[in-house]
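Each number in the working numbering comes from the position in the sequence shown (counting from 1) with 366 added on.
No residue lacks a Cβ here, since even glycine has one placed at the ideal position from N, Cα and C.
In what follows, a structure is listed as structure tokens, so that the remarks can point back to it.
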Amino acid sequence: MPWILFLFAGLLEIVWAFAMKQSQGFTRLVPTVTMVVAMLGSFGLLAIAMRSLPLGTAYMVWTGIGAVGAFAVGVLVLGEGAGALRLAAAAMILGGLALMKLASS
367 MPWILFLFAG
377 LLEIVWAFAM
387 KQSQGFTRLV
397 PTVTMVVAML
407 GSFGLLAIAM
417 RSLPLGTAYM
427 VWTGIGAVGA
437 FAVGVLVLGE
447 GAGALRLAAA
457 AMILGGLALM
467 KLASS
């Protein structure tokens, strides 16, 4: 169950990062409110999941989900570049997350 909550915390991290971009420096109300609500939800779920997950693993995987997810949203939704080096970097982050999860099992 902690890993399911944890996954939702990571997905909400992607939501708040995207909403922050859409807020245009907190000048647009709806994206700003969306960002705050998603951020609170993400931190709340992370805190609950961390009751039974190791700190290092939990924080690294949570930030990794957010980083790779925000990268994917940037590429797929915002039309940001997806060059070979950027894709390789995202793949290395995913590999590191998988290794961290395996090491904590």
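Contact between the stretch 415-429 and the stretch 394-403 is absent: fewer than three C-beta pairs spanning the two stretches fall below 8 Å. Approximately 12 Å separates the beta-carbon atoms of residue 405 and residue 389; this is outside 8 Å, ruling out the contact.
The beta carbon of residue 418 lies closer than 8 Å to those of 368 in the same chain, with the five residues before and after it left out.
Around the beta carbon of residue 372, 16 or more other beta carbons sit within 10 angstroms, so the residue counts as buried. Residues 404 of the same chain have their beta carbon placed closer than 6 Å to that of residue 381, with the five preceding and five following residues left out of the count. Note on residue 457: under 16 other CB atoms within 10 angstroms of its CB, so exposed under the neighbour-count rule.
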